[in-house]
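Q: Let me begin by handing over the structure; questions about it come next.
Listed below in structure tokens is the structure:
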């Protein structure tokens, strides 16, 4: 079978050129000359006896034969890269770089890391607190736990968990100023961890949309909003993942039994060549196992936080 395969270099030149639709860019990625790439492509076309590229209006485009060949060749190179990664990282020892949403990193991940390090003592974890999409595409990051819509091209994306949102505040604040009804929020500061979309959604479900125009503080992320709530500065929106430990510890309480589905969800994002390496696979399995343990614990969040949009529609 190997005698029927073209040499590897022409196939690589074809894959890179087809990805960029530019010989110059392919040459830059492969660290060779423009002429060398053109020569490799001509050699491949000669060997296959087909035309792989066409010129359309001065621009390079794939021919029908090239379009048919590209996904097969690209998949083959991805498989080779993954196999090499497995060979070069064969054990659960070494450095693992994880990027994670700051609020989840501080309030959910770090308090639980002891069980991971006890099980995998050879892993040196480097944790980056960030929800910056650039970290997803950074070569320094092995795995990212991110909040978003799940659309990150050229990455392996795995849903981790959906979440629901509900108000939280410190016990001290609730004891010093009433929070028995939604209308009581008018005398409190609403702490935003986004542009206001999430509070608007919750207040609409609570049939109190005008409260969104009361006293407000805007924070750059949910972590700062929750820190402000812990310190009694106002009422923030928590979620079914991030505040679970804070509720269990009594640092925050839930004043109302109403939750709404979050607009996005949490995802685990990796590069394809790292997805099944032992260290990355171990950390992903551990993340899922911890979520299962969370769900098995007695519920401390609003009942509707786990029932989703149908209950939200009933509530509204």
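Numbering (our numbering), first residue to last: 298 to 613.
Backbone N, C-alpha and C fix where the C-beta goes; we use that ideal spot for every residue, glycine too.
As the structure is a prediction and not an experimental result, all values here were calculated from the model.
Identify the residues that DSSP records as bridge partners of residue 425: which are they?
A: Counting from one through the chain shown, the residue named residue 425 turns up at place 128. Residue 425 pairs with 396.
Q: Helix, strand or coil for residue 379? Go by DSSP, reduced to three states.
A: Reading the chain shown from its first residue, position 82 is the one you call residue 379. Helix at residue 379.
Q: For residue 584, I'd like the list of residues in its chain whose CB is within less than 8 Å of its CB, leaving aside the five on either flank, ordered along the chain.
A: If you number the chain shown from 1, residue 584 lands on position 287. Excluding residues within five positions, the ones whose Cβ falls inside 8 Å are 442, 457, 565.
Q: Less than 8 Å between the C-beta atoms of residue 315 and residue 363, yes or no?
A: Numbered from its first residue, the chain shown carries residue 315 at position 18. Numbered from its first residue, the chain shown carries residue 363 at position 66. Taking 8 Å as the Cβ cut-off, residue 315 and residue 363 qualify as a contacting pair.
Q: Which residue from 575, 320, 516 puts its Cα closest to that of residue 399?
A: Numbered from its first residue, the chain shown carries residue 399 at position 102. That would be 516, whose Cα lies nearest to the Cα of residue 399.
Q: What residues match up with residue 566 in a beta bridge as DSSP calls it?
A: Within the chain shown, residue 566 is the residue found at index 269, counting from 1. DSSP output for residue 566 lists 441, 454 as bridge partner(s).
Q: Mind listing, in chain order, the continuous alpha helix (DSSP H) runs of no fewer than 4 residues lying wholly within the segment 306-376?
A: Correct list: 320-327, 331-345.
Q: Would residue 555 be called buried (16 or more neighbouring beta carbons within 10 Å of its own) or exposed?
A: What you label residue 555 is simply residue 258 of the chain shown in a count that begins at 1. The residue in question, residue 555, is buried, as its Cβ has 16 or more Cβ neighbours within 10 Å.
Q: Could you check the C-alpha separation between residue 360 and residue 371 for me, to the nearest Å?
A: In the chain shown, the residue the question calls residue 360 occupies position 63. In the chain shown, the residue the question calls residue 371 occupies position 74. Roughly 16 Å between the two C-alpha positions.
Q: Please check the pair residue 570 and residue 534, which I expect to be a contact at CB under 8 Å, by giving their CB distance rounded to whole angstroms.
A: On the chain shown, position 273 is the one that residue 570 refers to. On the chain shown, position 237 is the one that residue 534 refers to. Not really, about 37 Å apart at Cβ, beyond 8 Å.
Q: Name the two residues that bound the continuous beta strand (DSSP E) containing residue 463.
A: In the chain shown, the residue the question calls residue 463 occupies position 166. Where residue 463 is concerned, the enclosing beta strand (DSSP E) stretches over 461-465.
Q: Could you give the residue range of the beta strand (DSSP E) that holds residue 514?
A: Walking along the chain shown from the start, residue 514 turns up at place 217. Counting along the chain, the beta strand (DSSP E) containing residue 514 begins and ends at 513-515.
Q: Just confirm the distance between the C-beta atoms of residue 452 and residue 394, as a whole number of angstroms; I'd bet it's less than 8 Å.
A: By one-based count along the chain shown, residue 452 stands at place 155. By one-based count along the chain shown, residue 394 stands at place 97. Contact flag wrong, Cβ pair sits at about 15 Å.
Q: Residue 513 and residue 489 - do their beta-carbons sit closer together than 8 Å?
A: Residue 489 sits at position 192 when you count from the first residue of the chain shown. Residue 513 sits at position 216 when you count from the first residue of the chain shown. Yes, the Cβ-Cβ distance between residue 489 and residue 513 is below 8 Å.
Q: Nearest CA to the CA of residue 297: which residue from 500, 521, 547?
A: Only positions 298 to 613 of the chain appear in the structure, and residue 297 is not among them; the question remains open.
Q: Over the uninterrupted beta strand (DSSP E) stretch that includes residue 505, give me the two end residues.
A: In the chain shown, the residue the question calls residue 505 occupies position 208. Segment: none, residue 505 is in no beta strand (DSSP E) and carries neither H nor E.
Q: Less than 7 Å separating the Cβ of residue 502 from some heavy atom of the ligand NAD?
A: For the ligand NAD, the structure offers nothing, since it holds no ligand at all.
Q: So what's residue 582 in DSSP terms, helix, strand or just coil?
A: Taking the chain shown and counting its residues from 1, one reaches residue 582 at position 285. DSSP places residue 582 in helix when its eight states are reduced to three.
Q: Helix, strand or coil: how does DSSP classify residue 558 here?
A: Along the chain shown, read from residue 1 onward, the residue named residue 558 stands at position 261. Three-state result, residue 558: strand.
Q: Determine which residues share a DSSP beta bridge with residue 489 and list them.
A: In the chain shown, the residue the question calls residue 489 occupies position 192. Its beta-bridge partners are 515.
Q: Can you give me the Cβ contacts of residue 323 inside the same chain, cut-off strictly under 6 Å, excluding the 5 residues immediately before and after it?
A: On the chain shown, position 26 is the one that residue 323 refers to. Here the set comprises 313, 314, 317, 334.
Q: Does the contact criterion of 3 or more C-beta pairs under 8 Å hold for the segment 398-415 versus the segment 336-346?
A: Contact fails: fewer than three Cβ-Cβ distances are below 8 Å.
Q: Considering only residues of the same chain and omitting the five flanking positions on each side of residue 498, which have a CB-CB separation below 6 Å?
A: Locating residue 498 in the chain shown gives position 201, counting from the first residue. If we look at residue 498 and ignore the five residues flanking it on each side, its Cβ neighbours are 557.
Q: To the nearest angstrom, report how far apart residue 327 and residue 303 are at their CA atoms.
A: The sequence position of residue 327 within the chain shown is 30, counting from 1. The sequence position of residue 303 within the chain shown is 6, counting from 1. Using only the alpha carbons, I get a separation of about 18 Å.
Q: Using the Cα positions of residue 378 and residue 408, report the straight-line distance between them to the nearest angstrom.
A: Working through the chain shown from its first residue, we reach residue 378 at position 81. Working through the chain shown from its first residue, we reach residue 408 at position 111. About 35 Å.
Q: Taking the alpha-carbon positions, what's the residue 616 to residue 547 distance?
A: Outside the shown range of the chain, which is 298 to 613, sits residue 616, and nothing can be said about it.
Q: For residue 448, which option in 493, 509, 563 has the closest C-alpha, if you only look at C-alpha atoms?
A: The residue you call residue 448 lines up with position 151 of the chain shown. Checked all of 493, 509, 563; the closest Cα to residue 448 is 563.
Q: How is the alpha helix (DSSP H) around residue 411 delimited, first residue to last?
A: One-based indexing of the chain shown puts residue 411 at position 114. Here the alpha helix (DSSP H) through residue 411 covers 407-416.
Q: Leaving aside the five residues before and after residue 308 along the sequence, list all residues of the same chain whose C-beta is less than 7 Å from its C-beta, in chain order.
A: Translated into positions along the chain shown, residue 308 becomes position 11. Excluding residues within five positions, the ones whose Cβ falls inside 7 Å are 341, 370.
Q: Tell me whether residue 536 sits in a helix, a strand or coil according to DSSP, three-state version.
A: Mapped onto the chain shown, residue 536 falls at position 239. Strand.
Q: Contact defined as beta carbons within less than 8 Å: I believe residue 467 pairs with residue 549. What is the distance between those atoms, to the nearest angstrom?
A: In the chain shown, the residue the question calls residue 467 occupies position 170. In the chain shown, the residue the question calls residue 549 occupies position 252. With a Cβ gap of about 6 Å, residue 467 and residue 549 count as contacting.
Q: Exposed or buried, residue 305, counting other C-beta atoms within 10 Å across all chains shown (16 or more means buried)?
A: Locating residue 305 in the chain shown gives position 8, where the first residue counts as 1. With fewer than 16 other Cβ atoms within 10 Å, it is exposed.
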